[in-house]
Structure formats: structure tokens, C-alpha cells
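*Asks:* Those protein sequence lines, which keep their order, are chains E and R.
1 is the number of the first residue of the first sequence in our numbering; add one for each residue after it.
1 is the number of the first residue of the second sequence in our numbering; add one for each residue after it.
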Amino acid sequence: QKEVEQDPGPLSVPEGAIVSLNCTYSNSAFQYFMWYRQYSRKGPELLMYTYSSGNKEDGRFTAQVDKSSKYISLFIRDSQPSDSATYLCAMMNSGNTPLVFGKGTRLSVIA
Amino acid sequence: GAGVSQSPRYKVAKRGQDVALRCDPISGHVSLFWYQQALGQGPEFLTYFQNEAQLDKSGLPSDRFFAERPEGSVSTLKIQRTQQEDSAVYLCASSLEQIYNEQFFGPGTRLTVL
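(1) Based on the DSSP output, what are the partners of R/L91 in its beta bridges?
(2) If you draw a straight line from the alpha carbon of E/S94 to that of E/G104, how long is it in whole angstroms?
(3) Under 8 Å, do E/P44 and R/P107 count as touching if we go by C-beta distance?
(4) When you compare each of R/Y10, R/G16, R/A13 and R/I26 to R/S75 by their alpha carbons, which one comes out closest?
(5) Any beta-carbon of chain R closer than 8 Å to the one on E/L47?
(6) Taking all protein chains shown into account, do 16 or more other C-beta atoms lie within 10 angstroms of the C-beta of E/S79, making it buried, or fewer, making it exposed?
(7) Taking 8 Å as the CB-CB limit, is R/L77 close to chain E?
(8) Counting only Cβ pairs nearer than 9 Å, list the residues of chain R close to E/K70.
(9) Using beta carbons (cut-off 8 Å, strictly below), is R/P61 in contact with chain E?
(10) With 8 Å as the threshold, decide whether the Cβ of R/Y48 is near any Cβ in chain E.
(11) Looking only at C-alpha atoms, which of R/A53, R/K14, R/P61 and R/G28 sits nearest to R/Y90?
(12) Please report the residue range of the beta strand (DSSP E) in which R/L21 lies.
(13) Give the residues of chain E in contact with R/P107, contact being defined as C-beta atoms less than 7 Å apart.
(14) Are there three or more Cβ pairs, one per stretch, closer than 8 Å when the stretch 9-22 of chain E is compared with the stretch 65-81 of chain E?
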């Protein structure tokens with residue numbers, strides 16, 4: 001079992017829909033939780049990060065972390081065709097440790 | 001300013017050849033990371049530098065992989081005697097000081113080993 005599990009999709013939604021993406025993890029030492037967006041043939045781009053448990057909102061994006069359940073989510077409101085990309089969750093311990101990524105979920109928003 | 005740049009963007013190698021992949025981090029970024037991303041997978045950590053010091057190379061898959069950052073800026077990832085299983089996108093990321101959560105990624109080098 002991998003440290004971070006993420007459903008690869010693909011996920012297809014109509015424009016304007018609310019999208020829910022999530023990851024589960026097994027390492028209780030993870031403290032930082034990130035969501036990256038990756039367009040085809042591009043590098044990952046940091047969308048949001050959260051330290052420990054809680055919610056964080058930025059425009060149409062909301063990140064949630066539930067450390068008790070080892071479960072994180074990203075919600076996208078009023079989804080747009082330009083949101084079509086692969087969304088990667090990533091996590092790390094505090095201190096000098098590398099990022100551990102999920103497999104990524106491929107999202108298509110249909111106009 | 002410019003983001004992280006990588007060259008070449010695409011590399012085709014015959015099995016057994018050596019390759020060198022270059023990463024130019026964002027100016028002033030102290031930390032530099034290399035990741036390997038296989039098709040349909042998330043990036044996997046290879047190695048990490050703080051300035052010129054290689055602090056973690058636990059993710060390098062074999063001794064055919066070697067990375068350096070001699071002057072604390074540009075980094076090179078070298079793969080000797082390439083194998084087909086080395087085919088992947090190699091991503092470089094840099095971050096300012098020790099803010100590990102804010103890693104900025106380059107576009108990657110897509111390596112295909114025939």
C-alpha cells in the first residue's frame with residue numbers, strides 16, 4: 001500500500017459543477033498538505049497548502065484536512081473548462097523531508 | 001523573473017547511453033529537488049540539495065543515477081547506461097531557503113529510452 005492514495009479518475013463534469021477531489025494517507029507524521037495542478041506536458045503548479053488540520057479557502061478553491069481520518073479534500077466551485085488538468089495531492093512531514101505525491105486525478109470540465 | 005527552467009525538454013536515448021539533464025532554479029533559491037514522474041503517476045522524490053550540499057539522495061533508484069550542484073545554482077542529473085525503465089519525465093523544483101512546502105517546478109525533461 002502506498003503512503004498516499006488518490007483515485008486517478010478520469011473525472012468528467014459539466015461546466016459550473018462543484019468538483020470534489022480527495023486523498024487518503026497512512027503516515028500520521030505528515031504535517032503539510034498541498035494540492036498541485038498539472039496541465040499536460042507542464043510541471044506541477046502549487047494551488048494551495050494547509051498546515052495540520054482545518055480548512056483553507058482561496059477564490060473558487062477550498063482545501064480541507066482531517067488528520068483524524070487521514071483524509072484531505074479539494075473542492076472546486078463553479079468549475080471552468082480551464083480547470084481541466086491533473087490534480088495532485090502532496091504531503092510531507094515537518095522538517096527536512098521530501099514531498100510525497102498521490103497518483104493524481106485527471107479532471108475534465110466540459111463546456 | 002523567470003521560473004525554473006530545464007533542458008533539454010525532450011531526450012531520446014538508446015539503451016546503454018549516458019544522459020545529462022539540466023536544471024536552472026529560480027535565482028536565489030537555496031533548495032533544489034529532483035523528482036521522477038512515470039506515465040500516469042505522481043512525481044517521486046529522487047534527491048535534494050541545499051546550496052551545493054546534497055542532503056538527501058535516498059530516492060535515487062540505482063547507482064547509475066548521479067546528481068550534482070557544484071556552485072549551488074544550476075544542477076545536473078546524470079543517468080549512466082540508461083535502461084528502458086528510466087523512461088519518465090524528470091522534474092526539477094526549487095524553493096526559497098527551507099520553505100519546503102513552496103516548491104516551484106520546472107516543465108520537466110521527458111526522457112525516452114529505446
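Cβ coordinates follow ideal geometry from the N, Cα and C atoms, glycine included.
Remember, predicted model here, so these are calculated numbers, not experimental data.
*Replies:* On the basis of the data shown:
(1) One-based indexing of the second sequence puts residue 91 of chain R at position 91. R/Y35.
(2) By 1-based counting over the first sequence, the position of residue 94 of chain E is 94. By 1-based counting over the first sequence, the position of residue 104 of chain E is 104. Cα-Cα distance, rounded: 23 Å.
(3) Translated into positions along the first sequence, residue 44 of chain E becomes position 44. Translated into positions along the second sequence, residue 107 of chain R becomes position 107. Taking 8 Å as the Cβ cut-off, E/P44 and R/P107 do not qualify as a contacting pair.
(4) As a working note, residue 75 of chain R is residue 75 in the second sequence. Answer by Cα proximity: R/I26.
(5) The count along the first sequence starts at 1 and reaches residue 47 of chain E at position 47. Not one chain R Cβ lies under 8 Å of E/L47.
(6) If you number the first sequence from 1, residue 79 of chain E lands on position 79. Its Cβ being crowded by 16 or more others within 10 Å, E/S79 is buried.
(7) Against the second sequence, residue 77 of chain R aligns to sequence position 77. By this cut-off, R/L77 is not an interface position.
(8) Counting from 1 along the first sequence, the entry for residue 70 of chain E is found at position 70. Correct list: empty, because the minimum Cβ distance to chain R is about 17 Å.
(9) For this step, residue 61 of chain R is matched to residue 61 along the second sequence. So, not an interface residue.
(10) Position 48 of the second sequence holds residue 48 of chain R. It does; some Cβ of chain E falls within 8 Å.
(11) Against the second sequence, residue 90 of chain R aligns to sequence position 90. Looking at the Cα atoms, R/P61 is the closest of the given residues.
(12) As a first step, residue 21 of chain R must be located in the second sequence, where it is residue number 21. That run of the beta strand (DSSP E) goes V19 to D24.
(13) Taking the first residue of the second sequence as position 1, residue 107 of chain R is located at position 107. Those are K42 and G43, listed as they occur along chain E.
(14) yes
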